[in-house]
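Right, one structure below, let's go through it.
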Amino acid sequence: LAHWRVGDFVTPTNEVRVRFTADDSPNDSLVEALIDDFAISFLECEESDCPEDLNGDGVVNTEDLLTLLANWGTSGDGDIDGDGVVNTADLLMLLAAWGDCP
-5 LAHWRVGDFV TPTNEVRVRF TADDSPNDSL VEALIDDFAI SFLECEESDC
45 PEDLNGDGVV NTEDLLTLLA NWGTSGDGDI DGDGVVNTAD LLMLLAAWGD
95 CP
């Protein structure tokens, strides 16, 4: 199962086209191709007034802390300050926002 973000290759618009190519190389006179479960999905995230609430439940709590720690050192969930890595700065931001989101 493969996933690609269209935005990593082109600017997503209603003009984007997807093309599949099947190639017989070297020419053995038989070309077969199969595409199964092709889907295009759109994900739009709303800006949060509480970016430290990593799971979106309205509270900065242990679940958010565990998510941050599970992604420590990566660019995954928990990169609150957007610097490309989950680190001490993000941890301090999460702890400072502990409790109910405004």
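Heads up, the sequence shown is in this note's numbering, so the first residue is -5 and it goes up one at a time. All C-beta atoms in this analysis are idealised placements derived from N, C-alpha and C, irrespective of residue type, glycine included. For clarity, every value in this text was computed on a predicted model and none was experimentally measured.
I need the straight-line Cα distance from L85 to G1, nearest angstrom please. The sequence position of residue 85 within the sequence shown is 91, counting from 1. The sequence position of residue 1 within the sequence shown is 7, counting from 1. Their Cα atoms are separated by approximately 29 Å.
Is the beta carbon of C95 less than 7 Å from the beta carbon of G52? On the sequence shown, position 101 is the one that residue 95 refers to. On the sequence shown, position 58 is the one that residue 52 refers to. The beta carbons of C95 and G52 sit closer together than 7 Å.
Pull up the distance between the alpha-carbon of D17 and that of V25, whole angstroms please. On the sequence shown, position 23 is the one that residue 17 refers to. On the sequence shown, position 31 is the one that residue 25 refers to. CA-to-CA, the gap between D17 and V25 works out to about 7 Å.
Would you mind reading off the limits of the alpha helix (DSSP H) that contains D84? Counting from 1 along the sequence shown, the entry for residue 84 is found at position 90. Residues 82 to 90.
Is any heavy atom of the ligand GDP found at a distance shorter than 6 Å from the C-beta of P6? By its list of ligands, the structure shown contains no ligand whatsoever, and the ligand GDP lies outside what it can speak to.
CB contact flag (T61, G78, <7 Å): Along the sequence shown, read from residue 1 onward, the residue named residue 61 stands at position 67. Along the sequence shown, read from residue 1 onward, the residue named residue 78 stands at position 84. The answer is no: Cβ separation not under 7 Å.
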